[in-house]
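Residue numbers (our numbering), protein chains in the order written: chain A, 7 to 272; chain B, 7 to 272.
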């Protein structure tokens, strides 16, 4: 590393840090993706979140900036940079699923004029891969690249319903957060609900995450027959759900599945 | 770096490598984003593209995999991982511009049923931030996260027209690639064309990048009055362009601009 001190496991604060340099480099970027993180952070805030001394943080941030993964703002804070976006959107899973699904999501948006969402299972979360929203749709908290719990969202419940039994067991064995009075947190009730979703290939949620909003979600299968994603619309809660909505969500899910090579058993 | 040999500038092949470890780590991921790169690469291909010895590549790839930035495929090759996507889509520029623009892009898609594209200027390229495509739209080569030249695309020519004069000078002083007989590569002709775009606030391109396809693009201004992005539709080339198309592109550009805080001088 010509003209540059080698980065050692023992950092300059004298404290041991078992993390490799690469792991510490990634911790810098992870500081920005914590749910509570602001879009731009000071060097001090990055150091605290990444659990690194300030001088190490300074040097590693400079490496990210040189590559374009972080960008220095006019006010001296740092934000995630376009290079990271550019590389990230080329991830084949996200790119392929999104590219294949988008025309069907657009049809669904046109048919319903509601928020349209596409999510995949990632660990114990629903990870939102795509979202289309009109000018006048209800306020919701999901965003592309964001995560929400499996038991409180329509797409999450669908993804959980078709997850391997071990994952369902482990998810239901954890304490489940209650966001609103309607949130179902009892493992027994959730198991019955998952069975219902598998029987009907549709999930209905009403005010279990956000007051005033409801969702309808359906599973997307690929050529193996396995569920690889879920699609949903999020609407204002009404006394009587629109039957056209459920059909539109089913149609979109089947359309994407067909484009992914799914052939229904006859 | 407990139990792990320190990574040195002089690599195990005995050759000097002036790049820092971080730079070599980034070179691994850059191997996947080269225009010619396949979605998945073998370790050998990564090593060659990153200009690193195989054993270093092996170790650095393992670091990316541990973080989730690369994923090992069933066939033993590697691809960009979901963690990189997840972090990348949170980049504020891409996220804010995309979120604000999306409803207007959807309106434009509905009005025209053609490919709708949103691009920003990045270096000497048009970087595609968003793209909506219907089921039946003409084949085009742009993709989200992809780059195309400024002088051969509608969005590119708009972005170049409003770029700082130094950038225009430096772009036009380079050799400009000709893709099709229609591609304009003469600096003088391009300068006249850029002036025309600035006068009309619209760009028309016809078969300058891809045979059979034409585009109409318009500039998007933010609250400072500066052009921050360009929006376009790409259509099949027809003898007479649809006048509704041009109006729809203008309307979308003005809508996004207004949402970004642009107020036209009166």
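Backbone N, C-alpha and C define an ideal beta-carbon position, used for all residues, glycine too.
The structure presented is a predicted model; accordingly, all values stated were derived computationally and were not measured.
query, result
"Rounded straight-line distance, which links the Cα of residue 123 of chain B to that of residue 207 of chain A", "34 Å"
"Secondary structure, beta strand (DSSP E): runs of 3+ residues fully inside the stretch 162-229 of chain B", "209-212, 219-227"
"8 Å contact criterion, which residue 200 of chain A and residue 167 of chain A should meet: CB distance rounded", "4 Å"
"The stretch 171-187 of chain A touching the stretch 248-257 of chain A, judged by at least three CB pairs closer than 8 Å", "no"
"For residue 155 of chain B: DSSP bridge partner residues", "B:131"
"Touch test, the stretch 110-130 of chain A against the stretch 72-82 of chain A, Cβ-Cβ under 8 Å, three pairs minimum", "no"
"Inter-residue CB distance, residue 239 of chain A and residue 118 of chain A (contact presumed, cutoff 8 Å)", "5 Å"
"Residue-chain proximity (residue 95 of chain A, chain B), Cβ-Cβ < 9 Å", "yes"
"Segment contact, 8 Å Cβ cut-off, at least three pairs: the stretch 47-65 of chain B with the stretch 26-39 of chain B", "yes"
"Inter-residue spacing [alpha-carbon to alpha-carbon] between residue 153 of chain A and residue 212 of chain B", "42 Å"
"DSSP three-state assignment for residue 78 of chain A, whether helix, strand or coil", "strand"
"Cβ of residue 263 of chain B within 9 Å of any chain A Cβ", "no"
"Residue 197 of chain A vs residue 173 of chain A beta-carbon contact at 9 Å", "no"
"Member of A:234, A:242, A:210, A:268 whose CA lies at the smallest distance from the CA of residue 253 of chain A", "A:210"
"Members of the stretch 147-167 of chain A that neighbour chain B once the beta carbon cut-off is set at 7 Å", "150, 151"
"Contacts of residue 185 of chain B in chain A (Cβ-Cβ under 8 Å)", "Chain A residues near residue 185 of chain B: none, gap ~22 Å exceeds 8 Å."
"CB of residue 255 of chain B within 9 Å of CB of residue 126 of chain B, strictly", "no"
"Closest Cα partner of residue 6 of chain A within the set B:98, B:48, B:139", "Nothing can be reported for residue 6 of chain A, as the shown portion of chain A is limited to 7 through 272."
"Integer Cβ distance of residue 52 of chain B from residue 67 of chain B, believed to fall under 8 Å", "6 Å"
"Residue of A:108, A:101, A:133, A:44 minimising C-alpha distance to residue 139 of chain A", "A:108"
"Reference residue 268 of chain A, options A:241, A:237, A:227, A:163, closest by Cα", "A:227"
"Residue 105 of chain A versus residue 61 of chain B: straight-line alpha-carbon distance, rounded", "35 Å"
"Terminal residues of the alpha helix (DSSP H) in which residue 90 of chain B lies", "88-94"
"Chain E contacts from the stretch 235-252 of chain B (Cβ-Cβ distance under 9 Å)", "Given the protein chain composition of this structure (A and B), no chain E is represented."
"Residue burial classification, residue 147 of chain B (beta-carbon count within 10 angstroms, cutoff 16)", "exposed"
"Cα-Cα separation, residue 215 of chain A to residue 189 of chain A", "7 Å"
"First and last residue of the uninterrupted alpha helix (DSSP H) at residue 48 of chain B", "Here residue 48 of chain B belongs to no alpha helix (DSSP H), and DSSP marks it neither H nor E."
"Cβ neighbours of residue 193 of chain A in the same chain (closer than 7 Å, five flanking residues each side left out)", "178"
"Rounded straight-line distance, which links the Cα of residue 270 of chain B to that of residue 83 of chain B", "53 Å"
"Pairwise C-alpha distance: residue 64 of chain A and residue 149 of chain A", "30 Å"
"Cβ-Cβ distance between residue 94 of chain A and residue 73 of chain A below 9 Å", "no"
"8 Å CB neighbourhood of residue 180 of chain B in its chain, flanking five on each side removed", "130"
"Chain A contact for residue 255 of chain B (CB, 9 Å cutoff)", "no"
"Residue 233 of chain A: first and last residue of the uninterrupted beta strand (DSSP E) it sits in", "233-242"
"Option nearest residue 242 of chain B by Cα separation, candidates B:217, B:128, B:259", "B:217"
"For residue 122 of chain B: DSSP bridge partner residues", "B:138, B:239"
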